[in-house]
Amino acid sequence: MFIQTEATPNPATLKFLPGRVVLPESTFEARDAETAVRSPLASALFSVPGVAGVYFGHDFVSVTKAEDGSEWAQVKPAILGAIMEHFQSGAPVMAEGGLDDQGDEDEFYDAADHDTVVTIKDLLETRVRPAVAGDGGDITFRGYKEGVVYLEMKGACSGCPSSTATLRHGVQNLFRHFLPEIREVQAI
Numbered sequence: 191m192f193i194q195t196e197a198t199p200n201p202a203t204l205k206f207l208p209g210r211v212v213l214p215e216s217t218f219e220a221r222d223a224e225t226a227v228r229s230p231l232a233s234a235l236f237s238v239p240g241v242a243g244v245y246f247g248h249d250f251v252s253v254t255k256a257e258d259g260s261e262w263a264q265v266k267p268a269i270l271g272a273i274m275e276h277f278q279s280g281a282p283v284m285a286e287g288g289l290d291d292q293g294d295e296d297e298f299y300d301a302a303d304h305d306t307v308v309t310i311k312d313l314l315e316t317r318v319r320p321a322v323a324g325d326g327g328d329i330t331f332r333g334y335k336e337g338v339v340y341l342e343m344k345g346a347c348s349g350c351p352s353s354t355a356t357l358r359h360g361v362q363n364l365f366r367h368f369l370p371e372i373r374e375v376q377a378i
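Positions in the sequence shown are counted from 1; adding 190 to them yields my numbering.
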């Protein structure tokens with residue numbers, strides 16, 4: 191098995207490409223060992239000293255290292271070994287029911303804004319999420335109120351130094367182009 195790695199805009203996160211589907215129809219994020227128990231692979235990765243976060247996309251695993259002075263040169267080989275061992279074992283990526291109830295907050299928006307929210311979600315799905323998945327992350331809709339779109343950053347996007355610029359200059363400008371009533375985009 192050959193696992194490719196790619197740098198992300200977030201220097202604390204690397205993207206690992208195992209050459210196979212990781213999660214076919216969903217995503218999963220674990221920012222601590224307690225959440226990681228929902229996935230045998232995430233648990234294995236959290237057992238590697240220096241791992242602080244794990245995100246699974248369709249065909250990639252993003253791993254964020256701890257800010258405790260851990261260096262990729264020391265952490266990366268153990269992560270590669272854990273990913274390889276997991277996929278060679280044939281074990282499932284997620285435990286039974288592991289994707290259920292990830293604790294995501296409910297979306298919020300006024301019913302009168304339904305058409306605007308549908309357009310926002312469509313733009314996220316077709317234009318934004320594919321681009322940020324290429325960088326090992328994800329952006330999901332959380333709410334809309336009084337011209338402000340609230341989005342959640344996940345994976346490599348969470349805590350990334352350039353995520354504010356991505357939101358302000360990329361996503362916000364895209365939304366404003368299609369929906370002039372949007373004043374601002376904020377991360378929550």
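No residue lacks a Cβ here, since even glycine has one placed at the ideal position from N, Cα and C.
The beta strand (DSSP E) enclosing residue i, as first and last residue numbers
{"i": "Asp328", "result": "327 to 335"}
{"i": "Val171", "result": "Past the edges of the chain, shown from 191 to 378, lies residue 171, and the structure says nothing about it."}
{"i": "Met191", "result": "Premise fails: Met191 is in no beta strand (DSSP E) and is neither H nor E."}
{"i": "Val211", "result": "Note, Val211: premise wrong, no beta strand (DSSP E); not H, not E."}
CB of residue i within 8 Å of CB of residue j, strictly
{"i": "Phe236", "j": "Ala256", "result": "no"}
{"i": "Val251", "j": "Val241", "result": "no"}
{"i": "Gly326", "j": "Thr198", "result": "yes"}
{"i": "Asp328", "j": "Arg319", "result": "yes"}
{"i": "Val283", "j": "His248", "result": "no"}
{"i": "Ala234", "j": "Ala263", "result": "no"}
{"i": "Phe206", "j": "Thr217", "result": "no"}
{"i": "Leu313", "j": "Leu231", "result": "no"}
With 16 other Cβ atoms within 10 Å as the buried cut-off, status of residue i
{"i": "Glu219", "result": "buried"}
{"i": "Ser279", "result": "exposed"}
{"i": "Arg373", "result": "exposed"}
{"i": "Arg228", "result": "buried"}
{"i": "Ser353", "result": "buried"}
{"i": "Gln292", "result": "In this prediction, Gln292 has a pLDDT of 48, which is less than 50 and means its spatial position is unreliable; what the coordinates show is noted afterwards. The residue is exposed, with fewer than 16 neighbouring Cβ atoms inside 10 Å."}
{"i": "Ser348", "result": "buried"}
{"i": "Glu261", "result": "exposed"}
{"i": "Thr316", "result": "exposed"}
{"i": "Pro214", "result": "exposed"}
Contacting residues, own chain, Cβ-Cβ under 7 Å from residue i (five flanking each side not counted)
{"i": "Asp294", "result": "In this prediction, Asp294 scores a pLDDT of 47, lower than 50, which makes its location untrustworthy; the coordinate-derived value is nonetheless stated afterwards. Nothing listed; no residue qualifies."}
{"i": "Val338", "result": "Arg373, Glu374, Gln376"}
{"i": "Val238", "result": "Val265, Ala268, Ile269, Ala272"}
Residue nearest to residue i in terms of C-alpha spacing, selected from the options
{"i": "Asn200", "options": "Gly247, Leu207, Ser233, Val322", "result": "Val322"}
{"i": "Glu342", "options": "Gly349, Ile378, Leu314, Phe192", "result": "Ile378"}
{"i": "Ala346", "options": "Thr254, Val265, Lys311, Gly259", "result": "Thr254"}
Same chain, Cβ closer than 6 Å to residue i, neighbours up to 5 away in sequence not counted
{"i": "Tyr334", "result": "Tyr299, Asp303, Val307"}
{"i": "Ala330", "result": "Per the sequence shown, residue 330 should be read as Thr rather than Ala. Closer than 6 Å at the Cβ level, and outside the excluded window around Thr330, lie Glu342."}
Proximity test, Cβ basis, 8 Å: residue i and chain C
{"i": "Ala302", "result": "In summary, chain C is missing from the structure at hand, where a single protein chain is found."}
8 Å Cβ shell around residue i - same chain, five flanking residues per side excluded
{"i": "Thr309", "result": "Phe368, Leu369"}
Extent of the continuous alpha helix (DSSP H) to which residue i belongs
{"i": "Phe365", "result": "362 to 368"}
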